[in-house]
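Reminder that position 62 of the sequence shown reads as 49 in this note's numbering, one-by-one numbering, no gaps. Notes for the one structure printed next.
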Amino acid sequence: MQDFHYKALPIDVYFGQGKSAQVQDILLEYGYRQVLILTTPGQKEAGELLSKKLGQISVGVYPHAVMHVPVEVADKAVEFAKNNDIDCCLALGGGSTIGLAKAIALKTNLPIVAIPTTYAGSEMTPIYGMTENNLKTTGKDTYVLPKVVIYDPELNLTLPAQISACSGMNAMAHAVEALYAENKNPIISLMAVESIKSLKAALPAIAQDLTNIEARQQATYGAWLAGVCLGSVGMAIHHKICHTLGGSFNLPHAQAHAITLAYSVHYNRHADNEAMQRLAEVLQVSSREDVGLAIYRLNESLGIKLALKDIGLPKDGPAKVARIVCDSPYYNPRDYNYKELKILLDKAYAGLPPA
Ligand code: NAD
-12 MQDFHYKALP IDVYFGQGKS AQVQDILLEY GYRQVLILTT PGQKEAGELL
38 SKKLGQISVG VYPHAVMHVP VEVADKAVEF AKNNDIDCCL ALGGGSTIGL
88 AKAIALKTNL PIVAIPTTYA GSEMTPIYGM TENNLKTTGK DTYVLPKVVI
138 YDPELNLTLP AQISACSGMN AMAHAVEALY AENKNPIISL MAVESIKSLK
188 AALPAIAQDL TNIEARQQAT YGAWLAGVCL GSVGMAIHHK ICHTLGGSFN
238 LPHAQAHAIT LAYSVHYNRH ADNEAMQRLA EVLQVSSRED VGLAIYRLNE
288 SLGIKLALKD IGLPKDGPAK VARIVCDSPY YNPRDYNYKE LKILLDKAYA
338 GLPPA
């Protein structure tokens, strides 16, 4: 076995059906008594209900989280946090809401408690992202790592079918790229395999019945593990492409991940023998030649849109994305250049089977 470095993330995790009902006790245990609840506009009502439950320890709801954290939105939220007496940001929502909490934490050091309601995984990472002038940049800082995460699969029951499926595939993308990460290690690879297995089993069951709580629980477990993968090892070209699709074309994050993953994996199928064999095994295909196609077929069975053109990428998008990605090189187990990325993106644009 090769030497490796493994760094555990210091996050307290509470996991289970109905766990979010304990949020007040958990906040008090940590000494938080001036809690600002962050949500998207769409989850404002859920935030207000939570605020009522928290009573005196809630400072109120800030319902302005937006996907990809535009810098203007982040600046306003930071101002708001500085001008109010707050000792904790409670992010109730998906990656957009947790992203806004991270933007606040970065400038104020306020601790974050996260109650994730999608499968995006941001709650498990010290990574923050921000979008300015149509360019999304990411950074890493331990201050933005949530102190406490409460996973309650009951909160996913309201997640619509498309977002459930795509968000689950977004999580799977973290686990897949962790398998062939530059700094991969055997502990995270174990989590990655378990995550892919859980998501692969849970997502079709959720697509059949959005209220299947056992499947929701299994997907939440898979998403948690995927978040640990994302927070612990570096990602590869798939994540860089998706940042560009989101930051420069404002494509919905989870959908962009779900579609593109099949093509990124197919592109990398010969790059890391061990990783691809493990992936083939967990996806239950006979060879790594078929890993991309297996993900494509899984997307298809989940009713996910298969083409980037169908989620808003313009015709000149593949060329522009390929150029932006090549202009700021990123790790990938297989070398890439503009021409190869353009071919990958042209296929994803059209939604053709990767193999
Ligand atoms: P999101 O947070 O924007 O949520 C998508 C939509 O679903 C929103 O309208 C939201 O209000 C709604 N929603 C969320 N949960 C719901 C629920 N349970 N019921 C009903 N509606 C619900 O989307 P996302 O995919 O979770 O997050 C995307 C963002 O997160 C992107 O900006 C991405 O870059 C970022 N992200 C960051 C990291 C990181 O480590 N920094 C990791 C993953 C994603």
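Backbone N, C-alpha and C define an ideal beta-carbon position, used for all residues, glycine too. Predicted model, so just to flag it, every value in this text is computed and none were measured.
Run of the alpha helix (DSSP H) containing residue i, from where it starts to where it stops
i, result
"A210", "200 to 219"
"D(-1)", "No alpha helix (DSSP H) contains D(-1), which is instead part of the beta strand (DSSP E) from -1 to 2."
"Y283", "278 to 288"
"Y325", "325 to 337"
"Y254", "240 to 254"
8 Å CB neighbourhood of residue i in its chain, flanking five on each side removed
i, result
"S273", "A267"
Buried versus exposed, by CB contacts within 10 Å (16 or more), residue i
i, result
"I137", "buried"
"T105", "buried"
"S182", "buried"
"K326", "exposed"
"D277", "buried"
"Q195", "exposed"
"G214", "buried"
"T145", "exposed"
"Q205", "buried"
"P301", "exposed"
7 Å Cβ shell around residue i - same chain, five flanking residues per side excluded
i, result
"V48", "I24, T26, K31, G34, E35, S38"
"S288", "P191"
"R310", "Y325"
"G5", "D139, E141"
"I73", "Q21, L23, V46, L97"
Residue i versus the options, residue with shortest Cα-Cα distance
i, options, result
"V308", "N324, Y318, P320", "N324"
"N96", "P103, N120, Y130", "Y130"
"V107", "N70, I298, A249, L212", "The identity of residue 107 in the sequence shown is Ala, whereas the question assumes Val. It is L212 whose Cα lies nearest to the Cα of A107."
"Q9", "Y317, A52, K40", "K40"
"H(-8)", "A162, I175, A189", "I175"
"P28", "G82, A52, G18", "A52"
"S83", "P239, L177, S7, K296", "P239"
"P50", "I44, G81, C313, G155", "G81"
"N172", "S154, L15, E261", "E261"
"V0", "M263, Y208, D297, Q264", "Y208"
Close beta carbons around residue i, own chain, < 6 Å, minus the five adjacent residues each side
i, result
"N319", "A223, I224"
"Y283", "A249, P340, P341"
"K184", "V269"
"F2", "Y138"
"A179", "A162, A165, L166, C216"
Test item: CB-CB of residue i and residue j under 7 Å
i, j, result
"A90", "A61", "yes"
"G218", "T112", "yes"
"V46", "V100", "no"
"V58", "E119", "yes"
"L79", "V22", "no"
"A158", "A210", "yes"
"K94", "V65", "yes"
"P133", "I(-2)", "yes"
"S7", "I85", "no"
"L293", "G338", "yes"
The beta strand (DSSP E) enclosing residue i, as first and last residue numbers
i, result
"T118", "114 to 119"
"A78", "75 to 80"
"G47", "45 to 49"
Residue i Cβ short of 6 Å to the ligand MG heavy atom set
i, result
"Q271", "In terms of ligand content, the structure shown lacks the ligand MG and carries the ligand NAD instead."
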